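Following: one structure in C-alpha cells, then a few remarks.
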Amino acid sequence: MAKRRGKRSRRQRRKLNPHRKIQQVIEGADFINSMPDEILNHILSFIPIDLAIRTSVLSRRWRHAWCELPCLHLRTTAKGIDQTLLSYRRLKIMSFELCVTHKVTESQFNSWVEFAMSRYVGELSLTGLFFDYETYGFPDCFYLSSSLRQLNLVDFDMLPGCTVSWNFLRRLTLSSCSLYDESIANILSGSPNLETLQLFYCGGLLKRLDLSKSPSLRALEIYGWSKRSGQMEIVAPHIHYLNLKNSDVAPCTLVDVSSLADAILCIGLNSIARLLQNSPGLKKLEVHATYVSYIKDADLDEYLRISQGLDSDTCWRSKHEVFPTTSRMYSMSDCNDAKMKLLGSFLRLVLRNAKRLEKIVVWLGDSYFSDEQMERLLMVGTLSPNNNVSIEFK
Numbered sequence: 001m002a003k004r005r006g007k008r009s010r011r012q013r014r015k016l017n018p019h020r021k022i023q024q025v026i027e028g029a030d031f032i033n034s035m036p037d038e039i040l041n042h043i044l045s046f047i048p049i050d051l052a053i054r055t056s057v058l059s060r061r062w063r064h065a066w067c068e069l070p071c072l073h074l075r076t077t078a079k080g081i082d083q084t085l086l087s088y089r090r091l092k093i094m095s096f097e098l099c100v101t102h103k104v105t106e107s108q109f110n111s112w113v114e115f116a117m118s119r120y121v122g123e124l125s126l127t128g129l130f131f132d133y134e135t136y137g138f139p140d141c142f143y144l145s146s147s148l149r150q151l152n153l154v155d156f157d158m159l160p161g162c163t164v165s166w167n168f169l170r171r172l173t174l175s176s177c178s179l180y181d182e183s184i185a186n187i188l189s190g191s192p193n194l195e196t197l198q199l200f201y202c203g204g205l206l207k208r209l210d211l212s213k214s215p216s217l218r219a220l221e222i223y224g225w226s227k228r229s230g231q232m233e234i235v236a237p238h239i240h241y242l243n244l245k246n247s248d249v250a251p252c253t254l255v256d257v258s259s260l261a262d263a264i265l266c267i268g269l270n271s272i273a274r275l276l277q278n279s280p281g282l283k284k285l286e287v288h289a290t291y292v293s294y295i296k297d298a299d300l301d302e303y304l305r306i307s308q309g310l311d312s313d314t315c316w317r318s319k320h321e322v323f324p325t326t327s328r329m330y331s332m333s334d335c336n337d338a339k340m341k342l343l344g345s346f347l348r349l350v351l352r353n354a355k356r357l358e359k360i361v362v363w364l365g366d367s368y369f370s371d372e373q374m375e376r377l378l379m380v381g382t383l384s385p386n387n388n389v390s391i392e393f394k
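Letter 208 of the sequence shown, counting from 1, is numbered 208 in UniProt numbering, and no numbers are missing.
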C-alpha cells in the first residue's frame with residue numbers, strides 16, 4: 001500500500017513540476033531552430049507575409065528567415081511593399097503576387113515590377129486596381145523574360161511597347177483587361193510554349209483571336225466576353241479543351257476548333273451550332289442552360305440571323321419546335337414531362353451533328369425527373385445514329 005502511494009506521489013510531482021514543462025517547451029523550440037533552411041522556408045510560405053515577418057523577433061535564427069522565402073504574396077500599402085522588398089534577399093523568386101490596397105503612382109508600380117523581373121520570377125500575379133491602368137504601360141523588362149512560367153494580370157491595358165519574349169510561359173490569365181488584335185498577336189507570337197490561355201471578363205477591341213500559330217496551346221477559357229466589345233472570331237485549330245461561359249448575345253464565332261475533344265459551354269445558341277459544325281473530333285460536350293427569362297425571341301432571331309450557312313428551319317427553331325418561344329417556355333417551366341421532351345429533342349440535335357462525340361454531360365440544375373423519365377432520356381443515345389455516346393446527368 002505504501003509503495004502504491006509512493007508511486008502516485010512521484011507521478012503527481014512529475015505532473016506538477018513547472019521546470020519540466022519549461023524544459024519541454026525549450027526542447028520543442030530547439031527542434032524547430034535546428035530544422036534546415038529549406039524546411040523552415042517551406043513552413044513560413046504557408047502564412048501571410050506580415051505574419052512571417054513577425055517571426056523575426058523569435059530568435060537570432062529567425063531574424064532573417066522570412067527574407068529568403070521563395071514566394072512573396074503582398075497585399076498592403078505602397079510603404080509596406082517598399083519596406084518588404086528592401087529587406088528581401090533571395091536572388092530568385094518562385095512566386096510573386098502583388099495587390100495594392102491604396103492608390104499608387106506609375107513609377108512605384110514600375111519599380112515593383114522591375115524588382116520581380118530582376119529576381120527571375122517564375123509565377124507572377126499583378127492587380128492594377130489602384131491606379132489608372134488605361135494609361136499605364138509596363139516597362140520593357142516585363143515583356144522580356146526567360147523565367148516566367150505563369151502570368152496572371154488583373155485590370156491592365158495590354159499594349160506592349162516592344163516585341164514580347166516569354167519563351168517559357170505556359171499559362172496566361174488575363175482578367176478585366178483591355179485587349180487588342182495587334183497586342184494579342186504580339187503576345188502570342190512571343191509565347192511559343194503557351195499551353196493554357198484564360199480570358200476572364202475582358203474587353204477592348206479584339207475582333208479576332210487567332211491561335212493558329214500557337215501549336216502548343218491546348219486549353220482556352222473565356223468567361224464574360226461582353227457584346228459591347230463586339231463580336232469576336234476564334235481560330236483555335238490546336239486546342240483540345242474549350243470553356244466558354246457567361247457571354248452576351250452571340251459575341252463569339254467559332255471559326256476553327258477542329259482538334260477540340262472536350263467543351264463546356266454556357267453561350268449563345270449559334271455558337272453551339274458553330275461548334276458542332278466545326279469540331280469533327282469533339283468527344284465530350286457540357287451544356288449549361290441559362291435562365292429562361294434571359295432568352296428572348298428577339299435574341300433568338302439575332303442568333304439565327306448572324307449564323308450564316310445554318311438552316312434555321314432544321315437547326316434551332318425547327319418545324320417540330322425543338323426550341324419553343326419564350327412564352328411557351330414559361331408555360332412549360334412547371335411541367336416536367338414537357339421539359340423532358342425538350343431536353344430529349346436537344347440531345348438528338350447534338351447527336352445528329354457531332355459524329356465523333358463520345359460523352360455528353362447535362363447539368364439539370366434544380367430540375368427533377370422521375371426514374372422513368374431519366375430512362376427515356378438515356379434511351380436517346382441508343383436510338384440515335386451515333387449510338388456510342390454516353391450521356392451523364394448531373
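Don't be surprised by glycine CBs; every beta carbon is placed ideally from N, CA and C. The structure displayed is predicted, hence computed values, not measured ones.
Comparing C-alpha positions only, which one of the options sits nearest to residue i?
i, options, result
"P139", "F115, R149, K245", "F115"
"L151", "V164, T173, Y143", "T173"
"D50", "G80, L40, L148", "G80"
"L276", "R352, F156, L378, V113", "R352"
"C99", "V113, S345, P192", "V113"
"L260", "Q231, A219, M232", "A219"
"residue 429", "S34, E286, V257", "What is shown of the chain runs 1 to 394, which leaves residue 429 out entirely."
"T77", "R89, L91, K103", "K103"
"C202", "M158, N243, S118", "M158"
"L144", "V154, G122, G128, T135", "G122"
"I360", "D210, G344, R170", "G344"
"G190", "F142, G281, K394, E221", "F142"
"N110", "Y136, S87, H240, N193", "Y136"
"L69", "F168, R170, L44", "L44"
"R170", "P192, R119, D155", "P192"
"H73", "S95, I239, N278", "S95"
"S216", "Q231, L209, L199, A236", "A236"
"S87", "E97, C71, C67", "C67"
"R356", "S178, G281, V380, L349", "G281"
"L153", "C162, M35, S178", "S178"
Please state the DSSP three-state secondary structure of residue i.
i, result
"M340", "helix"
"S345", "helix"
"C141", "helix"
"Q373", "helix"
"T127", "strand"
"I39", "helix"
"S390", "strand"
"M379", "helix"
"T105", "coil"
"I367", "Note that residue 367 corresponds to Ser in the displayed sequence, not to Ile. Coil at S367, not helix or strand."
"R90", "coil"
"S34", "coil"
"S279", "coil"
"L44", "helix"
"L351", "helix"
"L51", "helix"
Tell me the DSSP bridge mates of residue i?
i, result
"R171", "Q150, T196"
"R75", "C99"
"A263", "L242, L285"
"S118", "Answer is none; S118 lacks a bridge partner."
"D82", "None; D82 has no bridge partner."
"D155", "According to DSSP, which records beta bridges pairwise, D155 is partnered with nothing at all."
"K359", "K284, S390"
"S165", "L144"
When you measure from the CB of residue i to every non-hydrogen atom of the ligand COA, does any distance come out below 7 Å?
i, result
"K207", "Among the components modelled here there is no ligand, and therefore nothing to report on the ligand COA."
Would you please state the rounded distance, in angstroms, between the beta carbons of residue i and residue j? I believe it to be under 8 Å.
i, j, result
"K283", "E358", "4 Å"
"Y180", "G204", "5 Å"
"L347", "I391", "7 Å"
"K213", "E233", "15 Å between Cβ atoms; not a contact."
"S183", "P160", "6 Å"
"V244", "C252", "Reading the sequence as shown, one finds Leu at residue 244 and not Val. Contact flag correct, Cβ pair sits at about 6 Å."
"K394", "W363", "5 Å"
"T105", "R75", "The pair is not a contact, with the Cβ atoms about 18 Å apart (cut-off 8 Å)."
"V255", "I239", "Incorrect: roughly 12 Å between the Cβ atoms, too far for contact."
"L91", "R119", "6 Å"
"T127", "D155", "6 Å"
Only counting runs of 3 or more residues, tell me where the beta strand (DSSP E) segments fall wholly within the stretch 175-258, in order along the chain. 196-200, 208-210, 219-223, 232-235, 241-245, 252-256
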